[in-house]
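Undergrad: For the record, the sequence lines run as chains A and B. So in the numbering used here, the last spot in the first sequence is 462, and the numbers never skip. So in the numbering used here, the last spot in the second sequence is 258, and the numbers never skip. One structure is given below, represented as structure tokens, and several questions about it will come after.
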Amino acid sequence: MNTRSGPFAGIADALAQIGACGLFGLQVLAALPASLRHWRETVRQIWFTGAMSLVIIMTCGLFVGMVLGLQLYYVLSIFGGTAALGTVVSLSLYRELGPVVTALLFAGRAGTSITAEIGLMRATDQLDAMEMMAVDPVAYVATPRFIAGILAMPLLACVFNALGIFGAHLVGVNWLGLDNGTFWSNMTSSVDVWKDVVNGVWKSAVFGGVVALIAVFQGYTTAPTSEGVAHATTRTVVFSSIVVLAVDFVMTAFLM
Amino acid sequence: MLGRKTIFDDVDVDIPRGKITAIMGPSGCGKTTLLRHISGQRMPDAGRIEIDGANVPTLPRPALFGLREKIGYLFQNSALLTDYDVFENVAFPLRQHLRLPEDVLRNIVLTKLEAVGLRGAAALMPAELSGGMARRVALARAIIRDPMLILYDEPFVGLDPIALNQVLRMIRTLNDTLGVTSVLVAHEFSAVARVADLVYLLAGGKIVAHGTPEELRKDPSPWTRQFFGGEADGPVPFQYPAGDYAADLGFAEAAR
Chain A
207 MNTRSGPFAG
217 IADALAQIGA
227 CGLFGLQVLA
237 ALPASLRHWR
247 ETVRQIWFTG
257 AMSLVIIMTC
267 GLFVGMVLGL
277 QLYYVLSIFG
287 GTAALGTVVS
297 LSLYRELGPV
307 VTALLFAGRA
317 GTSITAEIGL
327 MRATDQLDAM
337 EMMAVDPVAY
347 VATPRFIAGI
357 LAMPLLACVF
367 NALGIFGAHL
377 VGVNWLGLDN
387 GTFWSNMTSS
397 VDVWKDVVNG
407 VWKSAVFGGV
417 VALIAVFQGY
427 TTAPTSEGVA
437 HATTRTVVFS
447 SIVVLAVDFV
457 MTAFLM
Chain B
3 MLGRKTIFDD
13 VDVDIPRGKI
23 TAIMGPSGCG
33 KTTLLRHISG
43 QRMPDAGRIE
53 IDGANVPTLP
63 RPALFGLREK
73 IGYLFQNSAL
83 LTDYDVFENV
93 AFPLRQHLRL
103 PEDVLRNIVL
113 TKLEAVGLRG
123 AAALMPAELS
133 GGMARRVALA
143 RAIIRDPMLI
153 LYDEPFVGLD
163 PIALNQVLRM
173 IRTLNDTLGV
183 TSVLVAHEFS
193 AVARVADLVY
203 LLAGGKIVAH
213 GTPEELRKDP
223 SPWTRQFFGG
233 EADGPVPFQY
243 PAGDYAADLG
253 FAEAAR
């Protein structure tokens, strides 16, 4: 039976993609020692994927925090528990919303740009040119972007969380009149650095690695045509979003 | 083999050391594929490809990279790294493999750029270059490490007569002064005849003629007559295999 046609075609293709991406991930990890020679490229990629994503991360963090502050204040006021606003907002952000929303934004902003860039390099023979210059393209192109994803994502998630809390404070304290001391003291007394903040940072690092690996793999294996690059870019966002949410569930279950 | 199609069948090419050998043939006959096999970018299903005593298909990756450090490759579409300017593109192989003082590296790069007439374009980005200029930058990059073997894929495409003369002179000079072995894939017999010591004519997956340019010019075989005479009729079909022309145009029914 031919699994590449009929109703099983999609499933077979998806499984093949997962397998190929896994094998590519091993190649990327194996190239880690060689990529240390290209540390400047890694720093450049941290700049491109991390620093260049700051505006969208900060803007979204602020608005997510403001919406959280508004919604939770309304819900908590029904039970007379508005004093817990700082606690609920910060726990939501540190544990879930910060890492997950940042990862989804990271996939949309940095992941797509990684895929398109590497896809164009594939289409214009730049990766083959590196091979011919005896430079391993996995070590020079793929691994630095993978490392950049792992390092940049936790930093971006921290910025997202900070702006989110600032947004919630803006709405809850400055606009709706919640006591400033209550907001901060309840938050600091109920947030645990290791259980809440550090676990969120771990999650972010894993999400960063997952998104960067998917983005690099899609770019590396794209068909060398404009249509191929467009499809690969779309697949990066779709696959990254699904995998991030699935991995989030698994990690949350283990870290609880 | 490429899929189910046989690309080469019993191809035997001897490239003499220190000589310029041209591979010619109709479009799509596999000239670029042959270069990619020689450089180890593609692996044959059977047979041997020997460079300097080493059988390329059986070389492990580190040894293949070691061999490639002694090979210059000019890609058909130049394959310049789009993130770097002209200077950095040419300097790339030096930066990756050697630890040279910056002023030494700068002098080597500018010398090669001067040789291709583009020293003044060192600060330009690849997107700012014409096709011919990009090809000359790629040529400077291919010869930056004074390789023992240079593989030129269509080196004359897009060059104006002035640049063409310079490139021809440079290929000849590299060969005469440094004893570099050159393999060039091209269509332009008039240009090839001015530099090549030996020409192989590839068609239908086989070597159909070989000899010096003068010998091929006088060769009476239908392959050489058709290819160098530019005739549509001959052993190489001009038309891609197709059904009945009249039927395709809808005239067959009317004729009945």
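All residues carry an ideal CB built from backbone N, CA and C; glycine is no exception.
Using a beta-carbon distance below 8 Å, is B/SER41 in contact with chain A?
TA: Yes - at least one Cβ of chain A is within 8 Å of the one on B/SER41.
Undergrad: Can you tell me which of the three DSSP states B/LYS21 falls into?
TA: In this structure, B/LYS21 counts as coil in the three-state DSSP scheme.
Undergrad: Rounded to whole angstroms, what's the CA-CA distance from B/GLN168 to A/ARG328? Just pull it up for me.
TA: Those two C-alpha atoms are separated by around 30 Å.
Undergrad: For A/ILE448, does the count of other Cβ atoms within 10 angstroms reach 16, so buried, or fall short, so exposed?
TA: Exposed, because fewer than 16 other Cβ atoms sit within 10 Å of the Cβ of A/ILE448.
Undergrad: Of all the beta strand (DSSP E) runs that stay within the bounds of the region 114-195 of chain B, which reach a length of 3 or more residues?
TA: Qualifying beta strand (DSSP E) stretches, in chain order: 151-155 and 183-187.
Undergrad: Are the CB atoms of B/ILE9 and B/ASN177 nearer to each other than 8 Å?
TA: Contact: no.
Undergrad: Just confirm the distance between the C-beta atoms of A/ALA348 and A/ALA236, as a whole number of angstroms; I'd bet it's less than 8 Å.
TA: The pair is not a contact, with the Cβ atoms about 11 Å apart (cut-off 8 Å).
Undergrad: Check B/VAL210 in the structure and name its three-state DSSP category.
TA: B/VAL210 falls in the strand class under three-state DSSP.
Undergrad: Helix, strand or coil, according to DSSP, for B/MET26 in the structure here?
TA: Strand.
Undergrad: Expressed to the nearest angstrom, what Euclidean distance is found between the alpha-carbon atoms of B/PHE77 and B/VAL58?
TA: Their Cα atoms are separated by approximately 19 Å.
Undergrad: With 8 Å as the threshold, decide whether the Cβ of B/PHE230 is near any Cβ in chain A.
TA: So, not an interface residue.
Undergrad: Alpha carbon to alpha carbon, what distance is there between B/ALA193 and B/LEU161?
TA: Roughly 11 Å between the two C-alpha positions.
Undergrad: Is the region 378-395 of chain A touching the region 441-458 of chain A, taking contact as three or more C-beta pairs under 8 Å?
TA: Too few Cβ pairs lie closer than 8 Å, so no.
Undergrad: Could you run through the region 318-333 of chain A and flag, in chain order, every residue whose CB is less than 8 Å away from some CB of chain B?
TA: Residues passing the 8 Å Cβ filter: LEU326, MET327, THR330, ASP331 and GLN332.
Undergrad: Does B/LEU115 have its Cβ less than 8 Å from a Cβ in chain A?
TA: Answer no: the Cβ-Cβ gap between B/LEU115 and chain A never drops below 8 Å.
Undergrad: Compare the C-alpha of A/ALA358 against each of A/GLN332, A/PHE312 and A/SER319 and name the closest.
TA: Comparing Cα-Cα distances from A/ALA358 to each of A/GLN332, A/PHE312 and A/SER319, the minimum goes to A/PHE312.
Undergrad: Figure out for me which residue from B/LEU180, B/ALA205, B/GLY181 and B/MET150 has the closest Cα to the Cα of B/GLY74.
TA: With distances taken between Cα atoms, B/GLY74 lies closest to B/MET150.
Undergrad: Should A/VAL234 and B/GLN98 be called a contact, given that it needs their Cβ atoms to be closer than 8 Å?
TA: Against a cut-off of 8 Å, the Cβ pair of B/GLN98 and A/VAL234 comes out as no contact.
Undergrad: Under 9 Å between beta-carbons, which chain A residues line up against B/ASN57? List them in chain order, please.
TA: Result: empty, since nearest Cβ-Cβ is about 18 Å, beyond 9 Å.
Undergrad: Can at least three beta-carbon pairs, one atom from the region 193-213 of chain B and one from the region 42-59 of chain B, be found at a separation below 8 Å?
TA: At 8 Å Cβ cutoff, the stretches do not touch.
Undergrad: Determine the contact status of B/ASP221 and B/ALA211, defining contact as a CB-CB distance below 8 Å.
TA: Cβ distance < 8 Å, so B/ASP221 and B/ALA211 count as in contact.
Undergrad: Counting only beta-carbon atoms, is A/VAL344 nearer than 8 Å to chain B?
TA: Output row for A/VAL344: interface = no.
Undergrad: Rounded C-beta distance between B/ARG138 and B/LEU120? I'm assuming under 8 Å.
TA: Going by Cβ atoms, the distance from B/ARG138 to B/LEU120 rounds to 6 Å, so yes, they are a contact pair.
Undergrad: How would you list, in chain order, the residues of chain A whose beta-carbon sits under 9 Å from the beta-carbon of B/ARG219?
TA: Those do not exist, as B/ARG219 stays about 33 Å from chain A at its closest Cβ, beyond 9 Å.
Undergrad: Please confirm whether A/PRO350 and A/SER410 have their CB atoms less than 8 Å apart.
TA: Taking 8 Å as the Cβ cut-off, A/PRO350 and A/SER410 do not qualify as a contacting pair.
Undergrad: Please list the residues of the region 238-269 of chain A that have a C-beta atom closer than 8 Å to any C-beta atom in chain B, keeping them in chain order.
TA: Residues: none.
Undergrad: Would you say B/ALA81 lies against chain A (beta-carbon separation less than 8 Å)?
TA: By this cut-off, B/ALA81 is an interface position.
Undergrad: If you run the structure through DSSP and keep just helix, strand and coil, what is B/GLU233?
TA: Coil at B/GLU233, not helix or strand.
Undergrad: For a test of the three-state rule: what should DSSP assign to A/VAL341, helix, strand or coil?
TA: Reduced to three states, the DSSP call for A/VAL341 is coil.
Undergrad: Buried or exposed, going by whether 16 or more other CB atoms sit within 10 Å of the CB of B/LYS7?
TA: B/LYS7 is exposed by the Cβ-count criterion.
Undergrad: Looking at the structure shown, is B/ASN79 part of a helix, part of a strand, or coil, going by DSSP?
TA: Coil, per DSSP.
Undergrad: Check the Cβ of A/VAL341 against every Cβ in chain B and list those closer than 7 Å, keeping chain order.
TA: Under the 7 Å cutoff, chain B gives GLN98.
Undergrad: By the 7 Å beta-carbon criterion, what residues does the region 344-372 of chain A contribute toward chain B?
TA: Result list empty, no residue passes.
Undergrad: Please confirm if B/TYR75 has its CB atom under 8 Å from at least one CB of chain A.
TA: Chain A, which has a Cβ nearer than 8 Å to the Cβ of B/TYR75, makes this yes.
Undergrad: Using CA coordinates, which residue listed in B/GLY236, B/PRO163 and B/VAL197 is at the minimum distance from B/ILE25?
TA: The residue with the shortest Cα to Cα distance from B/ILE25 is B/VAL197.
Undergrad: What separation, rounded to the nearest whole angstrom, lies between the Cα atoms of B/GLU156 and B/VAL201?
TA: Cα-Cα distance, rounded: 14 Å.
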